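Novice: Take this structure first; my questions come after.
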Amino acid sequence: MAIQTPDKILIVEDEPDIALALKIALESAGYEPACAGDGETALKILLGSSDYHLALLDIRMPGIDGVEVLKRLRNSNCDVATIMMSGHGSEDLAVECIKIGAEDYLSKPFVLDDMLQRVDRARSHRLAVIEKKRLEQEREDFFMMLSHDMKNPMTAVIGSIDIMREGRLGPVNEEQVEYLQSAIDSCNEVVMMIDNLLDIRRFEVGKMQLSIQPYNPVEIVRKVATQFSRAAERDGIRLSLDLKDDVPGIAVDRNALTRIMGNLLGNSLKFTPEGGEIAVSCNCIEPPDLHLTRIPPYISVPTDYPDRQCFVMLTVRDTGTGIPSDELKCIFDRYTQSSSSSGRERGGAGLGLSFCKLAVESFGGVIWAESEAGQGSEFIILLPCVAK
Ligand SMILES: Nc1ncnc2c1ncn2[C@@H]1O[C@H](COP(=O)(O)OP(=O)(O)O)[C@@H](O)[C@H]1O
Ligand SMILES: [Mg+2]
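Each residue of the sequence shown is one higher than the one before, counting from 15 in the numbering used here.
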């Protein structure tokens with residue numbers, strides 16, 4: 015949408031003398047004013063064309079008054095800027111109009127210079143609003159493009175490489191399998207990044223669809239960890255599991271929890287050098303077994319936590335690069351990577367942990383990290399149990 019100069023102004027005023035004075039002043043200031051003598055005519059003009067960029071709207075008019083015109087304009091998709099004109103003594107009404115969405119108001123009798131200044135300001139404001147809308151639309155288009163035009167072909171690429179890797183199109187040697195697998199891993203990383211970005215966006219706009227049901231966390235965690243065991247082996251990293259059998263159920267979205275664990279394990283693999291270790295655990299925590307006190311003070315804990323009988327604690331610990339303590343909080347922010355781990359060099363966009371935090375919180379849980387630079391890191395998730 016091209017930004018046009020808002021030079022056409024509609025004066026909505028039932029008193030011809032005032033309308034004329036405004037018209038002359040606006041014309042001499044380089045604007046292109048037109049007049050409407052009542053609310054009905056004004057609405058017809060403004061809703062019927064997008065030529066007008068600003069309306070000077072008298073509040074008190076016979077028939078549809080200025081407030082009603084303003085309301086109807088704001089309920090339509092007409093984004094004309096409005097400056098209300100109120101008679102002396104009806105300033106309260108003018109303030110009310112600002113709340114409804116008017117840009118400004120003028121009290122009659124007004125000084126023409128002041129009126130022109132306000133018109134100019136409303137015009138700049140309107141340009142900013144149009145620009146904001148344009149950016150929002152661009153963002154929306156970008157997300158649509160990500161999900162449809164990038165993710166779908168990526169999935170097709172993975173499928174084709176996989177067929178080759180399995181030798182279904184002819185024999186492949188060990189080295190070729192390794193290269194094809196690494197191509198698949200890289201594609202999967204991109205898909206994971208797209209998913210993280212899309213889901214963060216869905217959470218933000220309240221459109222994240224979750225199917226929260228009771229699940230046995232051990233089963234989900236074991237499955238994810240198994241998917242990472244081959245990559246760990248290839249990288250010379252020992253992956254161990256400590257999953258208690260009698261852990262109670264938690265209320266989560268299965269797919270989201272799988273992706274949370276996938277992000278945490280993916281990070282541990284990425285930041286742990288060959289010869290290192292990754293340990294995944296799943297335990298039941300019961301007060302007064304107050305592991306709860308491990309929660310860092312900057313985490314806002316749901317108010318019902320002290321009354322809860324039990325929690326499930328999921329942890330992913332590694333012997334990797336670690337994270338400086340002053341960065342433990344901000345790595346969960348979007349696009350944030352720790353200074354110690356040279357994340358950018360290792361790929362990634364700093365979105366995984368943001369997704370994890372939003373998803374864990376949507377299950378009523380908390381997530382935090384513990385680490386010291388060079389000492390490895392541990393990511394801890396605490397989730398209330400459904401029953402025991
Ligand atoms: N296990 C880990 N060991 C060391 N640093 C980590 C670990 N997990 C996360 N980080 C740090 O947190 C940052 C953010 O992680 P994340 O949100 O998953 O983004 P990305 O993996 O795309 O960089 C990483 O770039 C890294 O600096
Ligand atoms: Mg990551």
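Even for Gly, the Cβ is constructed at its ideal location relative to N, Cα and C.
Only a predicted model underlies this, so the values are computations on that prediction, with no experimental measurement involved.
Could you tell me whether any non-hydrogen atom of ligand 1 is closer than 8 Å to the CB of residue 237?
Specialist: No - ligand 1 has no heavy atom lying nearer than 8 Å to the Cβ of residue 237.
Novice: So the beta strand (DSSP E) residue 380 belongs to, where does it begin and stop?
Specialist: Here the beta strand (DSSP E) through residue 380 covers 380-385.
Novice: Do you know whose CA, among 396, 40, 137, 163, lies nearest residue 310's CA?
Specialist: It is 396.
Novice: Ligand 1 and residue 284: does any heavy atom of the ligand fall closer than 8 Å to the residue's C-beta?
Specialist: Within the cutoff, so yes.
Novice: Whose beta carbon lies closer than 6 Å to any heavy atom of ligand 2, going through the chain in order?
Specialist: Spelled out in chain order, the answer is 277, 280, 281, 362, 366.
Novice: Less than 8 Å between the CB atoms is what I'm expecting for residue 265 and residue 377, so what's the real figure, rounded?
Specialist: Yes, they are in contact, since the Cβ atoms of residue 265 and residue 377 sit about 6 Å apart, within 8 Å.
Novice: Within the same chain, show all residues whose beta-carbon is closer than 7 Å to that of residue 315, passing over the 5 residues directly before and after it, in chain order.
Specialist: The answer, listed in chain order, is 309, 380.
Novice: Spatial neighbours of residue 253 within its chain, please: CB distance less than 6 Å, with the 5 preceding and 5 following residues excluded, ordered by chain position.
Specialist: The answer, listed in chain order, is 243, 246, 292.
Novice: Mind checking who residue 399 pairs with in its DSSP beta bridge?
Specialist: According to DSSP, residue 399 bridges with 264.
Novice: Does the Cβ-Cβ distance between residue 285 and residue 250 come in under 9 Å?
Specialist: Cβ distance not < 9 Å, so residue 285 and residue 250 don't count as in contact.
Novice: What ranges does the alpha helix (DSSP H) occupy inside the region 34-79, keeping only unbroken runs of at least 4 residues that lie completely in it?
Specialist: Within the region 34-79, the complete alpha helix (DSSP H) runs of at least 4 residues are 53-62.
Novice: For the alpha helix (DSSP H) containing residue 147, list its first residue and its last residue.
Specialist: Element bounds for residue 147: 126-158.
Novice: Where does residue 111 fall in DSSP's three states?
Specialist: Residue state, collapsed to three classes: helix.
Novice: Leaving out five residues before and five after residue 94 in sequence, what residues of the same chain have Cβ atoms less than 7 Å from its Cβ?
Specialist: The answer, listed in chain order, is 60, 66, 67, 68, 69, 87.
Novice: Under 9 Å, Cβ to Cβ, is there at least one residue of chain D near residue 363?
Specialist: Protein chain content of the structure displayed is limited to a single chain, and chain D is not contained in it.
Novice: Between which residues of its own chain and residue 235 is the CB-CB distance below 7 Å, once the five residues before and five after are set aside?
Specialist: Cβ neighbours of residue 235 beyond the five flanking positions: 257, 275, 294, 296, 328.
Novice: By a C-beta neighbour count over all protein chains shown, 10 Å radius and 16 as the cutoff for buried, is residue 185 buried or exposed?
Specialist: Looking at its Cβ environment, which holds fewer than 16 other Cβ atoms inside 10 Å, residue 185 is exposed.
Novice: With H, G and I counted as helix, E and B as strand and the rest as coil, what does DSSP make of residue 222?
Specialist: Reduced to three states, the DSSP call for residue 222 is coil.
Novice: Does DSSP classify residue 100 as helix, strand or coil?
Specialist: Here residue 100 sits in strand by DSSP.
Novice: Where does residue 22 sit, in a helix, a strand or coil, going by DSSP?
Specialist: Residue 22: strand per DSSP, three-state reduction.
Novice: So what's residue 16 in DSSP terms, helix, strand or just coil?
Specialist: Residue placement at residue 16 is poorly supported in this model, since its pLDDT is 46, which falls under 50; the coordinates still yield a value, given next. Three-state result, residue 16: coil.
Novice: The beta strand (DSSP E) with residue 298 in it runs from where to where?
Specialist: Its beta strand (DSSP E) spans residues 291-299.
Novice: In the structure shown, what three-state DSSP assignment does residue 314 receive?
Specialist: Looking at residue 314 - three-state DSSP - the assignment turns out to be coil, as it is neither helix nor strand.
Novice: Can you tell me where the alpha helix (DSSP H) holding residue 236 begins and where it ends?
Specialist: 231-248 is the extent of the alpha helix (DSSP H) around residue 236.
Novice: On the three-state DSSP scale, how would you describe residue 81?
Specialist: DSSP places residue 81 in helix when its eight states are reduced to three.
Novice: Looking at residue 383 and ligand 1, is the gap between the Cβ and the nearest heavy atom below 8 Å?
Specialist: Yes, Cβ of residue 383 sits closer than 8 Å to a heavy atom of ligand 1.
Novice: For residue 289 versus residue 390, is the C-beta distance shorter than 9 Å?
Specialist: Against a cut-off of 9 Å, the Cβ pair of residue 390 and residue 289 comes out as no contact.
Novice: Using only CA atoms, which one of 72, 273, 26 lies nearest to residue 239?
Specialist: Considering only alpha carbons, the answer is 273.
Novice: Would the region 154-163 count as touching the region 70-86 if we require 3 or more Cβ pairs under 8 Å?
Specialist: As far as the Cβ criterion goes, the region 154-163 does not touch the region 70-86, which means the pair count is below three.
Novice: Taking all protein chains shown into account, do 16 or more other C-beta atoms lie within 10 angstroms of the C-beta of residue 383, making it buried, or fewer, making it exposed?
Specialist: So residue 383 ends up on the buried side.
Novice: For residue 177, which residues in the same chain have their Cβ closer than 8 Å to its Cβ, ignoring the five residues on either side in sequence?
Specialist: Here the set comprises 183.
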